[in-house]
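> Would you mind keeping the following structure in view while I ask a few things?
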Amino acid sequence: MSSVFVRLSIFWENQQLDVSLPAQRPVVDFIDEIIQLFHPVTESHAKPGESVTDVFTWALSSPINGRINPDISLSESGIIDGQRLYLTRASDAAQAPFVDDILSEIRTTIDDNQWRWSSAIRSNGLYCCGLTLLGLLFLILLPRTLTPTSQTSPWVFAPIGIITLTSIIIAASRPHPWLRWAGIITPIAAAAATWPATTLIPNATTPARITWTLAATSLGGIIAAFLAGRRRPNQQGQGADSRNDTAGVVAFTILTIVLTGLGVAFLFPVRPLAVAAWGAWAPILLLLIAPTVALNATGLPTMLRRNDTGDPVERTKIHTTARRSEAFSRGLVWAATALALLDIITLVGSPYWQQAIPAACLALILMLRSHGFADARIIAPLLTAGGVGIALTAAALTHFGQHHWAKPPAPWWQADNYLVWVVFASTLIVIALLFISINNLSLDELQEARLSKIISTIDVLISLTFVPGILVAQGVYTYFWAIM
């Protein structure tokens, strides 16, 4: 005569439950009681005051017998005393090691590994195909915008405009989450359309044309950042606190304003090298004041003063303001990083080797300033821009050294000598390997404190030499000693 109960051990995550279960009753009759016995554990994962609603289908399974059919008994499933069962979601239940219906198992396996052309997958696939074709046409037409003619311009810029408008509409409607990045084509199209249009500006020099093109690119970047970070549902259901476009919009807005002002200035007798040298301190200042400006711009100090006086402040408003302040600060740092990199590129293209001094200082300060932040989205751009700046400066100094520190005929990237490119590539490789090797470096708290002190000391020393470096680059000291 078969036993009335079966003694089992049931496991769920790291919990074990030793129970005796009816052997002749269907599993569906008592699986809810088993779940209830584990219920206090599931409630412990919830936040205080939050109710737990079970919306999953649960199942018992065994590595020997596979998933147990809930409509039959344990005895019919071949479960015996002392066996281990596992409580999991139905989709995660263990499968039986042997299969009775091979064809059905083959069919199921193939179906599970296929992306069926239906519903959301079909929609994603069609959008991917359409955007791929539009992107291919865009890449084919893009080089033709550099040398437009009266005959080809309508046939080149009209399709580019249609492609850009289509991408903006798709990114704005966002039928699928990944399509919010479709607007990234906007700054590229803005640059492609602006560069040939700058030939129509009277007395436009090459620096002025480049600056206007970069300003248009930044303006397109504002649109792309807004579309990519547009309001979307929050995972906690707080839809009002879900914007992620603030940092990008702030960064591109600052770049657009600065580059537009420089573009206007370059239409007059203003030298880009002088602006780059004398204005090299501006990105550093922006890095220093970014947190303070972000706090004041978002109204967080006012909220703190209200809290000090005892006035209650809504939790959602605190979250919204704090996140907006953090994003605003991040956008300021991104803008400062981009301006510093443009400054370095301009200075290393100078015909005077002295102007490589502030470029080198600026690159080092970018890397050292990263130590003052904790957000990876700030640290990574600062380190990358600093590494590129050091490589550019090393190549420029090599180029000057080959010409005996005299005025070379062209910037280093236009030189036929391979040595400058070897230095540039080698410096980038060394810096990249240094970043990768630091990843495996583990320090205790005392070592981290010592390293932080060393970095801060170096940062102060380089910052102190930065202003004298600018004066050297501009020949102020040479002029001073000449009149003494």
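Read in full-length UniProt numbering, the sequence shown has 241 at position 241, and its numbers run on one by one without any break. All C-beta atoms in this analysis are idealised placements derived from N, C-alpha and C, irrespective of residue type, glycine included.
1) Just how far apart, CA to CA, sit residue 240 and residue 320?
2) Does residue 138 come out as helix, strand or coil in the three-state DSSP assignment?
3) From residue 248 to residue 207, what does the alpha carbon distance come to, in whole angstroms?
4) Give the DSSP-derived three-state secondary structure of residue 84 in the structure shown.
5) Give the range of the beta strand (DSSP E) segment to which residue 62 is assigned.
6) So for residue 353, helix, strand or coil by DSSP?
7) Provide the residue span of the beta strand (DSSP E) that contains residue 435, from first to last.
8) Considering just the uninterrupted stretch of the beta strand (DSSP E) at residue 377, what are its terminal residues?
9) Given 8 Å as the limit, is there contact between the segment 85 to 95 and the segment 64 to 71, that is, 3 or more CB pairs closer than that?
10) Rounding to the nearest angstrom, what Cα-Cα distance links residue 79 and residue 18 in this structure?
11) What's the call for residue 443, buried or exposed, on a 16-neighbour Cβ count within 10 Å?
12) Are the segment 337 to 346 and the segment 383 to 391 in contact at 8 Å, needing three or more beta carbon pairs?
13) Reducing DSSP to helix, strand and coil, say where residue 18 ends up.
14) Would you decide whether residue 178 is buried or exposed? Buried here means 16 or more other CB atoms lie within 10 Å of its CB.
15) Pick out whichever of 182, 400 and 73 has its Cα sitting closest to the Cα of residue 223.
16) For residue 16, tell me which candidate among 22, 23 and 8 has the shortest Cα-Cα distance.
17) Measuring alpha carbon to alpha carbon, tell me which residue in 403, 380, 448 and 160 is nearest residue 432.
18) Per DSSP, what kind of secondary structure is residue 268 in: helix, strand or coil?
19) I'd like to know if the segment 308 to 326 and the segment 268 to 282 are in contact, where contact means that at least 3 CB-CB pairs between them fall below 8 Å.
20) Pick out whichever of 135, 32, 134 and 115 has its Cα sitting closest to the Cα of residue 88.
21) If you reduce the DSSP assignment to three classes, tell me which class residue 8 lands in.
22) Assuming residue 330 is part of the alpha helix (DSSP H), what are its boundary residues?
So, to answer that:
1) Note that residue 240 has pLDDT 37, beneath the 50 cutoff, so the model's placement of it is unreliable and no number is given.
2) helix
3) 25 Å
4) strand
5) 58 to 62
6) helix
7) Careful: residue 435 lies outside any beta strand (DSSP E), inside the alpha helix (DSSP H) at 418 to 439.
8) Premise fails: residue 377 lies in the alpha helix (DSSP H), 376 to 402, not in any beta strand (DSSP E).
9) yes
10) 15 Å
11) exposed
12) yes
13) strand
14) exposed
15) 182
16) 8
17) 380
18) coil
19) no
20) 32
21) strand
22) 315 to 348
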